[in-house]
Every structure is written in structure tokens, then in C-alpha cells.
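A.B. asks:
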Amino acid sequence: MFAFGPDNEDSFYNLYEKISSVGLMDPTKESTTKLQQLINHHKSSLLSLKFSEKNPDARSKIENNNVEVKGVRSNLPQSLKLLVCQVSDALDLNEMIALSLIFTATKHNPPTTYGVDEYHASIKLFYEEYLKLLLSVVCLFQARYNEELNPHIREVITKSTTDLLKEGLIKSICSRINELTKQINESQNTINTYRSTGNGDSSEVTNSIEQINYKVLIRRSLGDCLFFSCFNLQCDEETFDNVFNCFKHSLNTFNASIQQLIADQNEEQTYDALILIDALPIGSKSIFNMLYMETSTILCLLEPTEGKEKFDPKLEKIVTTNTLYKPQFIQKFDKSLRDLIESTDSPNLVDKPQYEAVIGLMWSLGLQATKKDDFIGYSNNAFDLSLSRKVFEFISKGWLNSKMFRNDTEQTKEFIVYVLSELVCGILIKQSDVIAGLLADQSEKMKTFLNRRRDGLPLEENEDEETISEHVNSLLLVISEIYMHYPEYSHRFFEQRELRDVITNTFCEHITSLCKLQEEIDLGFIYYIGILCSFSGDAVGAVNVFRMLCDSPYPLFSWTYFFQTLIPQFQQQYNELSKEDVSFDEKTLDSVYVVLKLVEKICHNSEESRIAFLESSWDILGLLFGLMFVPKLSPVLMGQVFSTLASFVKPSNGPPSKEAQVILAQMERFQILKYEIRNDKYEISNSGGVKYQLNFRESQEGEYFETLGFLELIYAIISCTSYPITGFAPYLKFIQEDVFNNFSKRYYKEDSEKWLVAKSCLQIFTKLLSRYSPSSSDFGDVKSGTQHAMEDENAPKIPNFLQAPPGFQIMSDMLSNTIFRKELFNVIGVNLEEERNTNREGESMEKSVIYALQMIETTLLKEEAFIQTLSQTQRDVPAVIKRLEYQMPNSLIIKLVDLLDYSFNNEVRYRVVNILCLISKNITNLVGLFKERKRDKKLVSLFVKHLYAVTFENNREQSDIDDSQVDDSQRDNETRLKMLELLKANVDAPGENITHMLCGFDIASDEPREIDIFNEKTCLTIILHLLRSKRLPKTHPRFIESCYELIYKLCADRRVSQQTFACLEKSSFLNDKLMNDNFSTKITPSPVAHHILNQRAFVIRIVALKLYSNTKAFKKGDSNRGGVQELVHILFGGDLLGVAANNIFGHAMNFEQRRALMLEVLDTIDLNLAAPNCPYDLSSAEWKQFLKNWSSTFNAFFWMEASG
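All letters in the sequence shown, in the order written, are residues 36 to 1239 by our numbering.
#1: Under 8 Å between the Cβ atoms of F1049 and L59?
#2: Are I854 and I799 touching if we call contact CB-CB under 8 Å?
#3: For a quick check, are the C-beta atoms of L170 and L84 less than 8 Å apart?
#4: Here's the rule: buried if 16 or more other CB atoms are within 10 angstroms of the residue's CB, otherwise exposed. What is Y782?
#5: Going by the DSSP bridge assignment, what does V102 pair with across the sheet?
#6: Are the beta-carbon atoms belonging to V278 and L199 less than 8 Å from one another?
#7: In whole angstroms, what separates the C-alpha of K709 from that of Q599?
#8: Who are the Cβ neighbours of D813 in its own chain at under 6 Å, not counting the five residues just before and after it?
#9: Going by DSSP, name the residue or residues bridged to G203.
#10: Using 10 angstroms around the beta-carbon of I719, count the other beta-carbons present and answer buried if the total reaches 16, otherwise exposed.
#11: Buried or exposed, going by whether 16 or more other CB atoms sit within 10 Å of the CB of L729?
#12: Is L1081 helix, strand or coil by DSSP?
#13: Could you check the C-alpha separation between S639 and D45 for me, to the nearest Å?
#14: Let's test the definition: count the other Cβ atoms within 10 Å of the Cβ of F775 and tell me whether it reaches 16, buried, or not, exposed.
#15: In this structure, how does DSSP classify G723 when only helix, strand and coil are distinguished?
#16: I need the straight-line Cα distance from S128 to R94, nearest angstrom please.
#17: Beta-carbon within less than 8 Å of E642's beta-carbon, same chain only, minus the 5 sequence neighbours each way: which residues are those?
#18: I'd like to know if the region 672 to 683 and the region 624 to 636 are in contact, where contact means that at least 3 CB-CB pairs between them fall below 8 Å.
#19: To which residues of the same chain is S1064 closer than 6 Å at the C-beta, ignoring the five residues directly before and after it?
#20: Cα separation between I1046 and P62?
#21: Going by C-alpha distance, which of K784, S757, T761, S955 is nearest E703?
#22: For the region 156 to 164 against the region 124 to 141, are there 3 or more C-beta pairs whose distance is under 8 Å?
#23: I need the DSSP call for S399, collapsed to helix, strand or coil.
#24: Inspect the CB distances between the region 38 to 58 and the region 210 to 225 and report whether three or more fall short of 8 Å.
#25: Does the Cβ-Cβ distance between N1008 and F1074 come in under 8 Å?
#26: Go ahead and label S256 buried or exposed: buried means 16 or more other beta carbons lie within 10 angstroms of its beta carbon, across all protein chains shown.
#27: Cutting at 7 Å between CB atoms, please list the residues of its own chain near D1003, excluding the five before and the five after it.
#28: What is the DSSP secondary structure of F484, counted as helix, strand or coil?
#29: Of the choices D468, E163, N101, whose alpha-carbon is the least far from that of F39?
#30: In angstroms with no decimal places, state the Cα-to-Cα distance between D620 and L633.
#31: Cutting at 6 Å between CB atoms, please list the residues of its own chain near E920, excluding the five before and the five after it.
#32: Roughly how many whole angstroms lie between the Cα atoms of Q735 and T623?
#33: Spatial neighbours of F450 within its chain, please: C-beta separation below 6 Å, excluding the five flanking residues on both sides.
#34: Could you check what DSSP says for F705 in three-state terms: helix, strand or coil?
#35: Would you say T1010 and Y945 are within 8 Å of each other, going by their C-beta atoms?
#36: For the candidate residues L1067, D276, T193, whose alpha-carbon lies nearest to that of S207?
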């Protein structure tokens, strides 16, 4: 019978735990034998990936009480019998297994009557166990290619996975995927049937929805199994057909869902693609993730890495450099695509339904490229049909940011953009002559069309600007949209010189020639300027576009026209209209908007062009200031005015730039926050300003373009200088009180707007707080200059914070119980993982959480200086000002633990670890809180997981909040270092501290618990495992140094020293370190040499502590006792070998003297009559060679200092 749950040795839960930790396994013959036995025991399940199905005989035994529980025949309650049948029917599960499942799910709280709660608990446990089985398969195949794995263990893994492949694992996975897809569709049909009859609230609907959610997760994990089992595999025809047919089944199901959705509509209309996808139920919507995984798997099979060994299912080693099955793949895919397109002609599909675009996209991903000369516009094959405008719209409308793609956002983006970029680049470069000819034809057609339209002559059928050479326009669009939406991925491809030449010399000239033909602003003008915005997405493109418009001789298409005609005429039109009723033509507004957008793009990406703009005679800043004062201006355009102004402000750490000073002066002059226009009778005729717009217009409309643009401008201004900004307090007050304190309560047309507002506010607060340093001048009761005002009763009272630095007000609010701080805590309290996974606005929400975490971290770092300065200037510290860690609610601390497992951005984890490190030093009840809220085991597992994830380490010493970009590997390493810092800082904390908990110690127990270092996963066992590596001390010197320091501190802690030394003895720690090549060779002088030196120093300290702990075993008067004590005195008599090595060169001579004393003492210790349990023979040649090489390093340092 199957066993479930972590308490059962034979469960899939324990299978996964053991397979996922094979890297920690003790590489003994016994361990490898047990691993092989474990895999063999579960082999049938690993191969079939399913449980035994329903069985009439088993059901009969349940109904007739012919069941033995713990070896005793038992009468089952009637409610339990009914529940067994319900669970068995719901999961198509053998009734006896269902009984075991229910017993396990209710073990800790057995009910008297089995009902709904027990049903849901059993379903949940089943799918959790099923997921562990699938994760075990993934881990097995990942371990197969893990070069760090012990050879004996890897041999077991390789043999086991090869057996699974030979016996049909891939076919089994594909079958399970197809079965699950079918079951999900059936469940969705059941839900639709109940809802159509008015029974949408029935238990059947609830249960079906629950099953769908679980099965979607299982299907996604099966996709992972498929990909990793095919990784590095040279497949045969049968394997390829299995995977390809699985892909076709998923694709057909997805398309059928779309067709059904359209058929269910009563109205004939053109369906918007995004609406169609969003209207799909989750089971159908999630199929796209499967298409992505299945296409990735196909590409993995077709494109083996050149030069690597491949294994087919028959275990025949092959080296291949070509793609064996690509022709067959092309033929099959082409036929399936043609069949699908030909079968979808329907009167409802007016605008080519979305599923066709998805087919085209997947087809593009599958083929990657074509070498046909007649590719553009003239071919009828299915691949060319896929490169329709619909596919480009699929990308351009940002579908990859929609809810259905959130699980694999970054992977999917990178994958799709990679393939399409290669595809489009190849087409444009190889077909540049053909494209140039098409562009020339288009220009002639456009010229003829415009002439006929101007002369009033009849036009040809379906002839307009957009239908002329639609294929060329599609290529223009795909380039511009890839530039615009995916710059972080696309720039690496579009920086190719050949492609850049095609874009600048062919397309830009084409657009320029078309604009030459235009005599007035129309949609074509806006369309082409928009494309130039996309071309300006990097430095090269921005410079090219700027120069092109500077030298352009064409009307309507030059900077001179934009700044001396278009915008001035727009302002003049305002001046001529009544200020009570100002309105503008939409086309004019869009034209001004797109021109300002182009200026913003160029300034952001080209410093040369930004300076040229400012030094020109066009007075761009003056034009923008004029637009700021236009009443009733579209919020979209006003927001763009602010964004364009922001692009002219360059970030700096010096004094404010001239542009920033001018902008601030104009903002104050125009009363940008709120102004009033009065008529001849001095009555208010009009009101405006950012504050007015926010509270009386944007809040009602639910769109915040102007506020977001203003916040962008403010952030640019505060980023341009590290100096205090005069007159900034009113803007901070507005951003805090009007914008941020109310952001969660306002109405939003799109939820994404809400988190954009929060992110924009929080990045301003974070910047101001990070630059704030507490000063006594901030805390004066009365500032100089306000004393006389206070004496004058009629004088206005100026709040103190208006004269203090902006960071002062934020710091005060963070240390007080304010609305501002409550809102900030609420930002962290969102369910980020779920929201990031399901919502389009997840990225802005993620940034908001990161900024909020940064603010808490910065406050914790600066609060002591703030409170000390306050106490020095005032006799008593106000009661409202308290340390932040004492005011953080328990729910927030628990939320921090949950955020450690956030998977989309490791910056979140880094900030959380920093905060935990800071608060753990002052909060003494953390361990009790974690245990009370059942987060202790989760915290241990997360620390273990991320300590074990070793990535590349550079020598970046600082991790403070700054503006520099940090890549993922750097951030992961800094997170691990912070984790070790937390562990080291809390070793000496009183009571049951967090270090003890994370390392697996229980000091509350009377008897010290023996730690199984090979099977238990704690921070200590993981560190001992990592310290076995011969590579890490050199590649990760800071990390390994901190590991040694932590072990030394644990050895020195009397509460856990005995257990720590026991762990060291089991792992042969001291022998391994002294015999390790890294410790028996001289240290070459290098920037990281002092880290390696300190690694050896901590090993010596640990040895000395072990000797010292054994001195009681020496007989009284034994000379060894005195020698050991003298050695310990030399080692610990001064702070000689601390982690901080800032003054290491200055102490070189001191080190040399102490080292000589150590060697002299060691020579006097006769360990031939050594005491029992001595960790190592100190008279051995290895020990003396170790000390000799260790000591010689200081001479090298001393020589470096002298030669420097």
C-alpha cells in the first residue's frame, strides 16, 4: 500500500527529500547502495507517474468491512466509507490507497464523522504527494549532469535514469500530460453545465475548481519532467513523435477552447485577442505554458549541443553536430499548421482569431529561420503565414506581461525574443536588397495615392495609407516593438553592424521620404514618429535619429518644425481660446505627445544629444514650461511634459545641475502643486496643478498619468544631487500625504496604476532616506529665522519639518505610529508571490515591496544615530519615537519569512535577510515567535536552500543601498554572506537564539541531541558539506572564511560546543582541512589572499579550542598541559586574527613574532603520550608543513607592503 506524508518512510515526500539532497550524501558504499535500493523501490511509480486506479474488489472490501487496520480487521464508520468512495472517484484512485490517504490526512486530528473538511484535506495531501513524485524525477535528471556530484553517486543516478528512459519514461510523461489536459477540459465542461442550470454555487463546482487548480500545477510539473528527461538526449523517431504529438494535442486543445469561446457568443463581432485569452478558464489559459515547455523540449531534441556526448534510450554513445530530425519536423509542423488554418474559416472570425497568432508564434519558435529567397510577401507556405501582423501584435500588445504568462515571464520573454530577433535579423540582412525594392515601390504607391487624394480623383478599392505594402509595415512594426518592449533582450541582437546599417540606411530613409510627401499632420505622421521612438531605444539609435532630424530638409519632419512651429502653434491656439473652455483636437494632442516622447527617449539614451538639445536655439525647456501652465490639458500629455523634463536632468552626486535649478524655480513660479486663475473681478475662474488634478480629476477617472509624470520628475531632481534641495518640503508633503497615504484607497481603472503610483512614491522616499544623515541641527525646537516669527502672533507658524532635510521627516514617520508607516507595512503585506504570478501589475508591485523593504532596512541602520542625536538635543526623547524593530507587528515579521521563498526576484530575499539580521540583535523572542507561528522549520529549510545555492563570487565588498546595478549572482552571494552574518551575530545571544535554531541545536533539552550530519538539513550540516569542496575556498573566499568563523564561534559557545565538535568529528573536519591541498600550499599574494589566510587562521583556532577542551584529560604536571595552555594564550591573547583585515600589513611584524612563539611551543609539546580524543597529531609532518606554509604567507604580505 502507498504511504503518504513526511512521517512515512516509503512516501514520495521522503523520496524527494533524499533525492534532492544527493549532493549532501556521504559517499560511502553503504549510502550508494541505499540510494539504489530507494530508487528501485519506487521505480514503478517513477516510470508510470500515476497511482493504482479504482478497483471493484477493493471497493467491495471497504463496503463489507473486510479491511485490516494495523493488522486488525476493523469496522469502518459509514461516513468514512462514503468519503473513501468520494475520494476514489474524484482522483480515480484505488480505494485501499484512498483509505490510507484519508487516515494520513486526518492523523493529527481524527474526526468522529468524516465530511467535507476531511475530503479537501485528503485531496490536498494527494496532490502534494504527487508533486513530490514529479519533483523527484526532475531532481534525478538534474543530478545526472551535476559535475560536482560524487562519481559513485552519479553512477547510480546515471544508471537509474538510463533505465527509466529505456523503459519508456518519455512516453509515460506525454501520456500523463494528455490525460490531464483531457480531465481538465471535462472538469471545465462540468462547471459550465452546472452554471448554465443556475447551480454555480454547488459543491460539485467547488470541487471541480479545486481539482483544476491542482491538475494545472501537476501538468506544469510534468512539463518540467519532459524537458529535463530530454535534456542532452539524442532521440529516436519514436521519442520525437511522442513529444511532437503531445505538443499537437496541447495546441489543438488550446485552439478548440478559443473556438468554443467564440461559438458561445451570441453576437458577430471582431474579437480582441487579449479579451479572448483573459476570458478563457484557467485550465485552458495555462496551456500556453505547456506549449512553451513542449516547444523548448522539441528544440532541445533537434538542436543537440555541438561536441557533447549524447545518449539514446539504448545507451549508445553518440557525438553529433547536426540536426537529425529537423526535415521531418518541418514537414509535420507545416502540415499541421495548414490543417489548422484551413479548418478555422468561420463567419465569426472576422479579424483572424487569436489562436492563429499563437500557432504562428509557436511555429516561429519551432523553425527559427528560413533561407528561402522569396520569403517576404510572396510565399504561401505555412511558415510565411505565421509571420503575419497578428504575430507581431501578439508581442507588441505586451501579451507576455498578461496574467497567463506570469509563471515564466522572464524565461518566456527571453526565449521568444531570442528566436524572433534571430529570425528577423536574418531576414533583414539577407533580404536587404529585396526590402529596399519593396520600400521604393511603397514610396511610389504612396506618392500616387496622395496625389490622387489631393486632386480629388477616385481611389482604388481598399486603398489607404495602411494597406499599401502591408508586409513592409509589418516588418517595421516588429522591429519597433521588439526595441520598445524588450530592450534588455533585443539590444544584444540589434547592435549587429549589418542590421544597424539596414535600419538606419534603409528604413529611416524610407520613413523620411514618406514624410516628405505629407503636407499636414495626419495619422501617418504620428505613426512614423512612433517608430522613430522605438529606434531611439539605445545609444546608437538615439544618436542616429537625432542627427537625421537635425539634417532633414523635409517639412513636417525636423526638429526645427517640431519646436518652432508645432508646439508654438499649439500654445498659440490655447492663448486664442477662452481659458474657461479650452479644448484641443485629438490629432494635435497626439502629435505633441509623440514628439515629446521622442525627445525623452533620445535624452535618456544619448548624453551627446541631450546636451545638443539644451545648447540649441530651440528653447526646449521654455516650451515645456509653457505647456505646464495650460489649463485642462490632457493628463496624458501633461504627464509626458513632466517625463520629458525629467529626461533633461542628469543624475549626479555633486551640486544640483543648472537644468534642475531652473526646473525647480519654474515649478515654484507656476505653483505647480496648485494654482488658481482669477477673472477681472478677482473671482476664481479656473483651478489647476498636480494636487488639484490628482484629487478632482484623476481620482474620478482612475488614470494617473499626470501624477506619475510628476513623480518621475521629482525623482530625477532628487537624483541629480546629494545636496539638500531648497524648497523641497512642500513637494514631499504632497507626495506623502496626498499621494502615498491615500494610494490604496483611491479608485483605479487598472490595478497596474495603483502599483505604479506606489512604486514611484517609494523610490523617492528610499532615495531621500538613504542619503539622510542625522544631525543635531535637525532637532532644534526653534530654528534660527523662525524665532521672530514665533514672537509675532500674527506671523504664520512654519512647521519644523519644512526646514529640516527631507529625510528627517521620513525617518520621524518611520519611527512613529503614522499613517505613512502603516501604508508602507501594508505594501509588504501583499501576497506578492500570488500577485506576481497572476497579475500584469506584478512587476510594479514587486518593485514597491523592494523599496518598502529598503526603507525598513535603512531605518534600522540609522535609527540608533537618529535617537542618540535626538537625546543629545532634547532632555527627553518623545514617547512616539521608538526603535523600529520594537514597533514591527509580529504579522510583518512572519511575512518577512514567507518572502524569503519569493522566486521572481532575489533582491527581495536579500533585503529580507538584511532586515532579519538587524532586528535579531535586539528582539529576543524571535525563536519563540517562529515556533508559535510554525515558521521555524520553514525558515531553516529556506536558509539551507539558499546557502547551498552557490553561485559565482566576485570581490564586491559593499552591499549598502546604492544606485549601482547588481546582477543576480552578486546578489545571491551577498545574501549568503548576510545569512552567515546573521548566524555569527547571534551565536552569543542569550537563551534559545536564532543561530541555534538554524544550526539544529536545541539548548532547551536536558540531553544534547545528536545531529545526523548526513541526513539532517541545517545550516551547520550544509556548511560542513560545502567546506569539503576544494574549489570553493578559492572561488568563494569571503563565503568560506565566514563559514569557518561561524564554526569557530559555535565551538567557543559552551552551550553547543560539545555538539559542534561531535559534528566536526563525524565529518572528519580537522583531518580534511589539514590535509586539503588548499591548506598545504603557499598562498599567492592576491586581492583575496587575506580571506584565504583567515580561513587557515580559524582552522588553527578551532584546533586550539579542541585541545583546550581536552586539557582536563592530561594528568597533573604533564608538560603537554602547560604547552597547550600557552599555545591557546598566544592564539587568543590579542585580537590577532579577526575577520577584519584592514590593518593586516601594518601588523605583519607582530604576526611574525607570535607565529615564531607558536612554533616554539609546538616543538615542546610531546604528543607521543597524547591524551585520548586528541583531534590531530600535532607532531606530524602534515601539521608542521601546514603551519610553515601558513606562516610564510605573512612574509609575502610584508614584502608586498614594503615593495608597494
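Think of the CB as a built atom: it goes at the ideal place given N, C-alpha and C, for glycine as much as any other residue.
C.D. replies: Result, derived from the coordinates:
#1: Taking the sequence shown and counting its residues from 1, one reaches residue 1049 at position 1014. Taking the sequence shown and counting its residues from 1, one reaches residue 59 at position 24. Closer than 8 Å, so yes.
#2: As a position in the sequence shown, residue 854 is number 819, starting the count at 1. As a position in the sequence shown, residue 799 is number 764, starting the count at 1. Taking 8 Å as the Cβ cut-off, I854 and I799 do not qualify as a contacting pair.
#3: Translated into positions along the sequence shown, residue 170 becomes position 135. Translated into positions along the sequence shown, residue 84 becomes position 49. Not in contact: L170 and L84 (Cβ atoms no closer than 8 Å).
#4: As a first step, residue 782 must be located in the sequence shown, where it is residue number 747. With fewer than 16 Cβ atoms within 10 Å of its Cβ, Y782 is classed as exposed.
#5: The residue you call residue 102 lines up with position 67 of the sequence shown. In the DSSP output, where bridge partners are listed per residue, V102 has S109.
#6: Here residue 278 is taken as the residue at index 243 of the sequence shown, counted from 1. Here residue 199 is taken as the residue at index 164 of the sequence shown, counted from 1. Not in contact: V278 and L199 (Cβ atoms no closer than 8 Å).
#7: Along the sequence shown, read from residue 1 onward, the residue named residue 709 stands at position 674. Along the sequence shown, read from residue 1 onward, the residue named residue 599 stands at position 564. The alpha-carbon atoms of K709 and Q599 are separated by roughly 29 Å.
#8: Residue numbering aside, residue 813 sits at position 778 when the sequence shown is read from its first letter. Excluding sequence neighbours, D813 sits near A839, F843.
#9: Start at 1 with the first residue of the sequence shown, and residue 203 comes out as number 168. DSSP output for G203 lists no bridge partner at all.
#10: Within the sequence shown, numbered from 1, the residue matching residue 719 stands at position 684. Annotation note: pLDDT 49 at I719 (below 50); position unreliable, no value reported.
#11: The sequence position of residue 729 within the sequence shown is 694, counting from 1. Buried.
#12: The residue labelled residue 1081 in the question sits at position 1046 within the sequence shown. In this structure, L1081 counts as helix in the three-state DSSP scheme.
#13: Here residue 639 is taken as the residue at index 604 of the sequence shown, counted from 1. Here residue 45 is taken as the residue at index 10 of the sequence shown, counted from 1. One detail in the question is off: residue 639 reads as His in this sequence, not Ser. When rounded, the distance between both Cα atoms is 60 Å.
#14: Against the sequence shown, residue 775 aligns to sequence position 740. Label assigned to F775: buried.
#15: For the purposes of this step, residue 723 is identified with residue 688 of the sequence shown, where counting begins at 1. Of the three classes helix, strand and coil, the one that applies to G723 here is strand, per DSSP.
#16: Here residue 128 refers to the residue found at position 93 when the sequence shown is read from its first residue. Here residue 94 refers to the residue found at position 59 when the sequence shown is read from its first residue. Inspection of the sequence shows that residue 128 is occupied by Leu rather than by Ser. Cα-Cα distance, rounded: 11 Å.
#17: The count along the sequence shown starts at 1 and reaches residue 642 at position 607. Taken in chain order, the residues that qualify are K685.
#18: yes
#19: Taking the first residue of the sequence shown as position 1, residue 1064 is located at position 1029. Here the set comprises nothing.
#20: In the sequence shown, the residue the question calls residue 1046 occupies position 1011. In the sequence shown, the residue the question calls residue 62 occupies position 27. Distance between the alpha carbons of I1046 and P62 is about 18 Å.
#21: For the purposes of this step, residue 703 is taken as residue 668 along the sequence shown, with counting starting at 1. Selected option, being the one with the closest Cα: T761.
#22: yes
#23: Along the sequence shown, one-based indexing puts residue 399 at 364. Any reading at S399 is ruled out, since the residue's pLDDT is 44, under 50, leaving its predicted position unreliable.
#24: no
#25: As a first step, residue 1008 must be located in the sequence shown, where it is residue number 973. As a first step, residue 1074 must be located in the sequence shown, where it is residue number 1039. The answer is yes: Cβ separation under 8 Å.
#26: What you label residue 256 is simply residue 221 of the sequence shown in a count that begins at 1. By the 10 Å Cβ count, S256 comes out buried.
#27: Position 968 of the sequence shown, counting from 1, holds the residue named residue 1003. For D1003, where only same-chain residues beyond five positions count, the Cβ hits under 7 Å are N941.
#28: Mapped onto the sequence shown, residue 484 falls at position 449. DSSP places F484 in helix when its eight states are reduced to three.
#29: Mapped onto the sequence shown, residue 39 falls at position 4. Measuring from the Cα of F39, the nearest candidate turns out to be E163.
#30: Locating residue 620 in the sequence shown gives position 585, where the first residue counts as 1. Locating residue 633 in the sequence shown gives position 598, where the first residue counts as 1. Cα to Cα, D620 sits roughly 20 Å from L633.
#31: Indexing the sequence shown from 1 puts residue 920 at position 885. I954, N957, I958, listed in sequence order.
#32: Counting from one through the sequence shown, the residue named residue 735 turns up at place 700. Counting from one through the sequence shown, the residue named residue 623 turns up at place 588. Between Q735 and T623, the C-alpha separation is close to 25 Å.
#33: The count along the sequence shown starts at 1 and reaches residue 450 at position 415. Note on F450: pLDDT 47, under 50, position unreliable in the model; no value is reported.
#34: By 1-based counting over the sequence shown, the position of residue 705 is 670. Looking at F705 - three-state DSSP - the assignment turns out to be coil, as it is neither helix nor strand.
#35: For the purposes of this step, residue 1010 is taken as residue 975 along the sequence shown, with counting starting at 1. For the purposes of this step, residue 945 is taken as residue 910 along the sequence shown, with counting starting at 1. A contact, by the Cβ cut-off of 8 Å.
#36: Counting from one through the sequence shown, the residue named residue 207 turns up at place 172. Out of L1067, D276, T193, D276 has the C-alpha closest to the C-alpha of S207.
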